[in-house]
Amino acid sequence: MDVVRQLKVALKSGKLLFGQNQTAAACSHGEAKLVIMAANCPRSFVDDLHASHPDVPMHQLTMVNRELGAACAKPFHVSSICVLDAGNSDLLSLKNNIE
1 MDVVRQLKVA LKSGKLLFGQ NQTAAACSHG EAKLVIMAAN CPRSFVDDLH
51 ASHPDVPMHQ LTMVNRELGA ACAKPFHVSS ICVLDAGNSD LLSLKNNIE
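Structure follows, in structure tokens:
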């Protein structure tokens with residue numbers, strides 16, 4: 001799957017939240033359908049989020065936060081993305097790869 005292309009589709013047709021604070025809040029409110037994280041997302045954040053919300057699928061990409069921000073056409077680094085609505089994209093088919 002071309003994650004960059006699917007992110008662009010989701011940005012146009014779905015609802016995504018950017019950043020660790022918004023991601024953690026959406027998980028706490030039960031709104032998160034998927035969490036996508038950059039390769040260099042802080043391990044403590046990944047572990048804490050996975051421990052407190054094991055039912056939310058989490059997928060860590062191979063691209064770093066700078067590349068993830070650019071892929072989402074954002075002028076800032078993005079370490080985590082929370083998918084609330086995937087829209088017409090296939091993002092929800094990403095498998096959980098966080099242990």
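The sequence shown begins at 1 in the numbering used here and counts up by one.
From the three backbone atoms N, C-alpha and C, an ideal C-beta is built for every residue, glycine too.
Note that the coordinates shown come from a computational prediction; the quantities given were computed from them, not determined experimentally.
Per DSSP, the continuous beta strand (DSSP E) segment holding H59 begins and ends at M58 to Q60. Close CB contacts of C27 within its chain, under the 6 Å cut and outside five residues either way in sequence, are with H53 and V56 (chain order). In this structure, the alpha-carbon of L11 lies about 8 Å from that of C72. Bounds of the alpha helix (DSSP H) holding K8 are V3 to S13. In the three-state reduction of the DSSP assignment, D85 falls in the strand class.
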